[in-house]
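In what follows, a single structure is set out as structure tokens and then discussed.
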Amino acid sequence: MRFAYEDLEVWNKAVDFAVEVIDTVEEISSDRRHYRLIEQI
Numbered sequence: 947m948r949f950a951y952e953d954l955e956v957w958n959k960a961v962d963f964a965v966e967v968i969d970t971v972e973e974i975s976s977d978r979r980h981y982r983l984i985e986q987i
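This is how it looks when you write it as structure tokens:
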């Protein structure tokens, strides 16, 4: 079942952006990680 908003270009771009942000945050490797900032992202 698909919803109408899934056909919107803006929705698809937002999903792509969210995936990119999650992937970027997961790549952060530092002894001084800011865990609260990463959790909020």
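Reminder that position 10 of the sequence shown reads as 956 in the working numbering, one-by-one numbering, no gaps.
We put the CB at the ideal spot given by N, CA and C, even for glycine.
Following the DSSP letters along the chain, one finds Ile968 inside the alpha helix (DSSP H) bounded by residues Glu955 to Glu973. Note on geometry: alpha-carbon atoms of Leu954 and Ile974 lie some 31 Å from one another. In its own chain, leaving out the 5 sequence neighbours on each side, no residue places its CB closer than 8 Å to the CB of Asp969.
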